[in-house]
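In the numbering used here, the protein residues as written are 9 to 172.
Even glycine gets a Cβ: it sits at the ideal position worked out from N, Cα and C.
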Ligand SMILES: [Zn+2]
């Protein structure tokens, strides 16, 4: 749970690390730490303990304005960009970014984007994760000093996970 009042400084720190693309459909990319899985990482403090959360999940929790994000709700990406922290609200038109869904929704999403499933996918999973992390690192570099559209396009083309 992210409380808009209690966690205002934490939310501000998070939002300062997110760079928004100039076009209406662009992703908003997290430029903080990146985990081995290619997802953004954020350290927060809850009940006196440091907890690490994925940036996309944190964005989803912020969008709930104080309501609890249940553990079974996953942060899924319609845009297939792990670093994206732009929440798509229900009813919003255009490209879908981060939204809440179940594990089943996640499997369906993976099927649609060509991820997961099959022997080849199992064999190449590790390579896929490495490529995903490389892509996230390249994307972060592409927007760190402001959104560089050409560099973003290059980064998205390199090691795209749907190739796996
Ligand atoms: Zn996105």
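- Boundaries of the beta strand (DSSP E) around residue 108: 106-109.
- In the DSSP secondary-structure assignment, residue 85 is bridged to 106.
- Our two residues, residue 20 and residue 28, have alpha carbons roughly 15 Å apart in a direct line.
- Taking residue 69 as the centre and dropping the five residues before and after it, the same chain places the C-beta of 10 and 77 closer than 6 Å to its C-beta, in chain order.
- Bridge pairing for residue 52: 59 [DSSP].
- Just so you know, the alpha carbons of residue 26 and residue 42 end up roughly 13 Å apart.
- At least one heavy atom of ligand 1 lies less than 7 Å from the C-beta of residue 89.
- With a cutoff of 8 Å on beta-carbon distance, residue 48 and residue 91 are scored as near each other.
- Between residue 73 and residue 86, the beta carbon gap of about 21 Å keeps them out of contact (Cβ cut-off 8 Å).
- A residue is called buried when at least 16 other Cβ atoms come within 10 angstroms of its Cβ; residue 58 does not meet this threshold and is exposed.
- Boundaries of the beta strand (DSSP E) around residue 27: 26-28.
- Its chain contains 90, 137, 140 and 141 as the residues whose beta carbon lies nearer than 8 Å to that of residue 45, once the 5 sequence neighbours on both sides are disregarded; these appear in chain order.
- If you compare the alpha carbons of 148, 24 and 15 with that of residue 52, the shortest gap goes to 15.
- In the displayed model, residue 41 falls within a strand according to three-state DSSP.
- For residue 164, the enclosing alpha helix (DSSP H) starts and ends at 157-165.
- The alpha-carbon separation between residue 23 and residue 148 amounts to approximately 15 Å.
- In this structure, residue 94 has its CB closer than 7 Å to one or more heavy atoms of ligand 1.
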